[in-house]
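Undergrad:
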Amino acid sequence: LIQCRASLIYGGSGHRHKRAMEALERVGLGARAKHKPTELSGGEQQRVAIARALVNNPALLLTDEPTGNLDSKTTAEIVSMFRQLNQEGITVVMVTHEADIASQAQRIIRLHDGEIVSQ
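See the structure below:
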């Protein structure tokens, strides 16, 4: 929760706690809100990072291997959440090496050695 609220300091929100909790609930971590970062698994820490990104309602969400440390069930939940965010008008850009995750995107741009090789 502390990490999510910290993201709101610069967002100027008067409802920091509520918005931080909503973001944590959205990534399935509402019940772990009072835990310290050292008490969270790698996958949970990754989901906190996603919650931190969501807490200020961005128009663009840039993600780098957002499902890399997650189990298959949580991966499916996060990808579903990204799809929902996109339907809500948020552009989601995801970097991934996982072909099955990439195949669910509306648009795929493949890079090789820093060059676009297909779109």
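Counting from 1, one number per residue, gives the positions in the sequence shown under UniProt numbering. C-beta atoms are modelled at their ideal positions from N, C-alpha and C, and glycine is treated no differently. If you're wondering where the values come from, they're calculated on a predicted model, not measured in any experiment.
Which residue spans inside the segment 62-110 form an unbroken alpha helix (DSSP H) run of at least 4?
TA: Correct list: 72-87, 99-102.
Undergrad: Does the Cβ-Cβ distance between residue 51 and residue 61 come in under 7 angstroms?
TA: Their beta carbons are not under 7 angstroms apart, which means residue 51 does not touch residue 61 by this criterion.
Undergrad: Report all residues from its chain with a CB closer than 6 angstroms to the CB of residue 69; omit the five preceding and five following residues, and keep chain order.
TA: These residues qualify, in order along the chain: 42, 43, 46.
Undergrad: Can you list, in chain order, the residues of its chain with a C-beta nearer than 6 angstroms to that of residue 102? Leave out the 5 residues immediately preceding and following it.
TA: Cβ within range, chain order: 96, 108.
Undergrad: Thinking just about the alpha-carbon of each residue, which of 19, 26, 40 is nearest to the one in residue 84?
TA: Residue 84 has its Cα closest to that of 26, out of 19, 26, 40.
Undergrad: May I ask which residues mark the beginning and end of the beta strand (DSSP E) holding residue 115?
TA: That run of the beta strand (DSSP E) goes 115-118.
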